[in-house]
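The structure appears below as structure tokens.
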Amino acid sequence: MKTATSSMSAALRLATDTDTSTRVTTVNPIGRIIKYVLFDILQNRIVIGYTLFLLAVSLGLFGLSDDPTKGLISLLNIVLIVTPLVSAVFATIHFYNSYEFIELLAAQPVRRGIIVWGQFWGLVLALETAVCVGIGIPVAIYAPTATGLVLLLAAAGLTLVFIALAMLASVFTRDKAKGIGLALLLWFYFTLLYDALVLFIMFSFADYPLEKATLVMAALNPIDLARVIVLLQMDISALMGYTGALFREWLGTGAGITTAIVVLLLWAMIPMLLAVRIFRKKDL
Amino acid sequence: MLESIQLSKSFGKLKVLKDMSVQMRAGQTISLIGPNGSGKTTFIKCLLGLVIPDSGSIHLYGNNVLGDWDYRRYIGYMPQIGRYPDNIRIGQLFDMVQEIRRGTYQRTDDDLLRAFDLPKLAHKTMRTLSGGTRQKVSACLAFLFDPDVLILDEPTAGLDPVASEILKEKVLAEKAKGKLTLLTSHILSDLDELTTDVMYLMDGQLQFYQSIQALKEQTGEEKLHRAIANVMKQHPAA
Chain A
0 MKTATSSMSA ALRLATDTDT STRVTTVNPI GRIIKYVLFD ILQNRIVIGY TLFLLAVSLG
60 LFGLSDDPTK GLISLLNIVL IVTPLVSAVF ATIHFYNSYE FIELLAAQPV RRGIIVWGQF
120 WGLVLALETA VCVGIGIPVA IYAPTATGLV LLLAAAGLTL VFIALAMLAS VFTRDKAKGI
180 GLALLLWFYF TLLYDALVLF IMFSFADYPL EKATLVMAAL NPIDLARVIV LLQMDISALM
240 GYTGALFREW LGTGAGITTA IVVLLLWAMI PMLLAVRIFR KKDL
Chain B
0 MLESIQLSKS FGKLKVLKDM SVQMRAGQTI SLIGPNGSGK TTFIKCLLGL VIPDSGSIHL
60 YGNNVLGDWD YRRYIGYMPQ IGRYPDNIRI GQLFDMVQEI RRGTYQRTDD DLLRAFDLPK
120 LAHKTMRTLS GGTRQKVSAC LAFLFDPDVL ILDEPTAGLD PVASEILKEK VLAEKAKGKL
180 TLLTSHILSD LDELTTDVMY LMDGQLQFYQ SIQALKEQTG EEKLHRAIAN VMKQHPAA
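Line order of the protein sequences matches chains A and B.
Just so we're aligned: the first sequence equals residues 0 to 283 in numbering that gives the first Met the number 0.
Just so we're aligned: the second sequence equals residues 0 to 237 in numbering that gives the first Met the number 0.
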């Protein structure tokens, strides 16, 4: 009790002493906002639980077989489902639970855009740390190969993308249930519906050459894109037929991987820019 | 000092504010009154940029501040219902707001903090606070950075008489320093001693905006609430 009291009065004194000199500077308090977002996330233990879960799954899968490549494939399937789901749901819930904080900030001399970006980077830092520890460490131990690195990159990229999509869903509606529902719908769409749609198209137009179209369709789904990048590293693209060969030709090269990463980053940037745009005009 | 020009806002089909044009000067203490749902809070939120008006503009010190954010350093805001992160302690909340606003203010004013004896409660988390204590926190935050303009939305609702009196004295003290205060309330007698001007809002339309003096002379009533009741009869807008 004593420490809290003195810290408040200390802060008051500190502020009184120093702030005349900085009056004219235009502040850009995004770092301070990220700090408080992180502080808030670390207070509930979900991120720590998530880290431990990823760690347990990764270590378990690598431990099951002697061939680390098999472990990587199993891990890939988990990563493609779990990281987008947890990122989307956690980010949406966190945004709605921070509504009070956001309202408080919005009445301060702080840019609206800074508030959303602060939330975003706070979430990114927390969840990417979970991915790096939970997946990165086991991969570094059991499969310190290019494939392992690409898998880690894919997990990190998907986390980024689905936090951004969650932010977009969150600013879309004020209703928490609708927001979480929207985030889940996006996840469901990219995980299941989209693939069903692609299969349907390929089946319907089986008589036509669809290889290039397939490539484009993969890029239009961040999860598929991540899957393809990792599979191409594994030398099993031969199993994917002519389309696989084309994927190999396009994405197997350094330039292809770079393009894929850029596309993944676009999948994060575009929803975030949209979210900021919407939030700037939103009535709180 | 603070001015709104033809401010309009609708939520869906409902027109909440209709061409609200008012000028507010330093040293005024303005009571914004009106029935529930008349647009008081929306007007205040427009001034703060929390709600984006459909048309019209807002000027502070002659500058159009619509869409701006930096001007909020000159405004202290006490919301009707102060909502704060649940797990944060009072002390942390004050530290946090100060850290986030670092560089935007000259001095802090902790008179109210002391008067409400809040440092004693610094270790309490916001979740455990009563509605009244929350209001005290909101009030302290509004006055903390010694702003030129104070916007207080229903400041005395939920405060006990002692706290309410302390807050009123603080508003008077700030008025003496030449600050502009805009406050809303339903309870007129509560604000009698503070107010210099009355703004009456109904269905999003400004019904009248007059100084207390003029109002009392015009109606021949000494009590503020009687005078207003009198004027309301003359403006049968409802």
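The beta carbon of each residue, even a glycine, is placed where N, CA and C say it ideally should be.
Remember, it's a predicted structure, so these values are computed and weren't measured experimentally.
Using a threshold of 7 angstroms, state whether the C-beta atoms of residue i and residue j are closer than that.
i, j, result
"A:Trp-266", "A:Pro-221", "yes"
"B:Thr-40", "B:Val-15", "no"
"B:Thr-183", "B:Glu-153", "yes"
"B:Met-231", "B:Gly-33", "no"
"B:Leu-193", "B:Val-170", "yes"
"B:Tyr-73", "B:Asp-147", "yes"
"B:Gly-48", "B:Ser-7", "no"
"B:Ile-89", "B:Lys-123", "yes"
"A:Phe-246", "A:Val-227", "yes"
"A:Gly-117", "A:Ile-32", "yes"
Helix, strand or coil: which one does DSSP assign to residue i?
i, result
"A:Ile-228", "helix"
"A:Met-216", "helix"
"B:Gly-157", "coil"
"B:Gln-5", "strand"
"B:Thr-127", "helix"
"B:Ile-32", "strand"
"B:Lys-232", "helix"
"A:Asn-43", "coil"
"B:Lys-39", "helix"
"A:Val-23", "Confidence is the limiting factor: at A:Val-23 the pLDDT is only 42, short of 50, which leaves the residue's position unreliable, though a coordinate-based value still follows. If DSSP states are grouped into helix, strand and coil, A:Val-23 belongs with coil."
"A:Tyr-294", "No answer is possible for residue 294 of chain A: the residues shown for chain A start at 0 and end at 283."
"A:Met-271", "helix"
"B:Ile-242", "With chain B running from 0 to 237 in the structure shown, residue 242 of chain B is simply not present."
Within 7 angstroms of any Cβ in chain B, is that where the Cβ of residue i sits?
i, result
"A:Phe-171", "no"
"A:Phe-100", "yes"
"A:Ala-125", "no"
"A:Ala-105", "yes"
"A:Arg-110", "yes"
"A:Lys-280", "yes"
"A:Leu-272", "no"
"A:Leu-159", "no"
"A:Arg-122", "The residue asked about is misnamed: residue 122 of chain A is Leu in this sequence, not Arg. It does not; no Cβ of chain B falls within 7 angstroms."
"A:Leu-191", "no"
Just how far apart, CA to CA, sit residue i and residue j?
i, j, result
"B:Leu-223", "B:Lys-167", "17 angstroms"
"A:Gly-178", "A:Thr-91", "7 angstroms"
"A:Arg-111", "B:Thr-218", "46 angstroms"
"B:Ile-29", "A:Gly-180", "44 angstroms"
"B:Phe-207", "B:Val-21", "10 angstroms"
"B:Ala-156", "A:Thr-82", "46 angstroms"
"A:Leu-58", "A:Asp-223", "24 angstroms"
"A:Trp-186", "B:Asp-145", "47 angstroms"
"B:Met-198", "B:Pro-52", "19 angstroms"
"A:Asp-65", "A:Gly-133", "20 angstroms"
"B:Met-95", "A:Tyr-35", "8 angstroms"
"A:Met-271", "A:Val-160", "9 angstroms"
"B:Lys-176", "B:Ile-150", "16 angstroms"
"B:Asp-108", "B:Tyr-76", "14 angstroms"
"A:Val-23", "A:Val-138", "A caution first: A:Val-23 carries a pLDDT of 42, below 50, which makes its placement in the model unreliable, though a value can still be read off. Going by the C-alpha atoms only, they are around 50 angstroms apart."
"B:Gln-79", "B:Glu-164", "18 angstroms"
"A:Ser-73", "A:Leu-263", "22 angstroms"
"A:Leu-151", "B:Thr-127", "42 angstroms"
"A:Val-197", "A:Ala-55", "33 angstroms"
"B:Ala-85", "A:Ile-269", "One point to set straight first is that residue 85 of chain B is Asp, not Ala, in the sequence displayed. Spanning the two alpha carbons is a distance of roughly 32 angstroms."
"A:Leu-60", "A:Phe-52", "12 angstroms"
How would you label residue i, buried or exposed, when you count the other beta carbons within 10 angstroms and need 16 or more for buried?
i, result
"A:Ile-162", "buried"
"B:Gln-134", "buried"
"A:Asp-39", "buried"
"A:Pro-108", "buried"
"A:Thr-257", "exposed"
"B:Asp-238", "Nothing in the structure corresponds to residue 238 of chain B, since chain B is present only between 0 and 237."
"B:Glu-221", "exposed"
Counting only C-beta atoms, is residue i closer than 7 angstroms to chain A at any point?
i, result
"B:Arg-72", "yes"
"B:Thr-103", "yes"
"B:Val-50", "yes"
"B:Glu-153", "no"
"B:Glu-173", "no"
"B:Leu-6", "no"
"B:Arg-24", "no"
"B:Asn-86", "yes"
"B:Tyr-83", "yes"
"B:Leu-47", "yes"
"B:Asp-69", "yes"
Is residue i near the ligand NAP - that is, is its Cβ less than 6 angstroms away from at least one heavy atom of it?
i, result
"B:Leu-171", "You won't find the ligand NAP in this model; it holds no ligand whatsoever."
Closer than 7 angstroms, Cβ to Cβ, to anything on chain E: give me those residues from the region 26–54 of chain A, in chain order.
-> Looking at the structure shown, chain E is missing, and the protein chains on hand are A and B.
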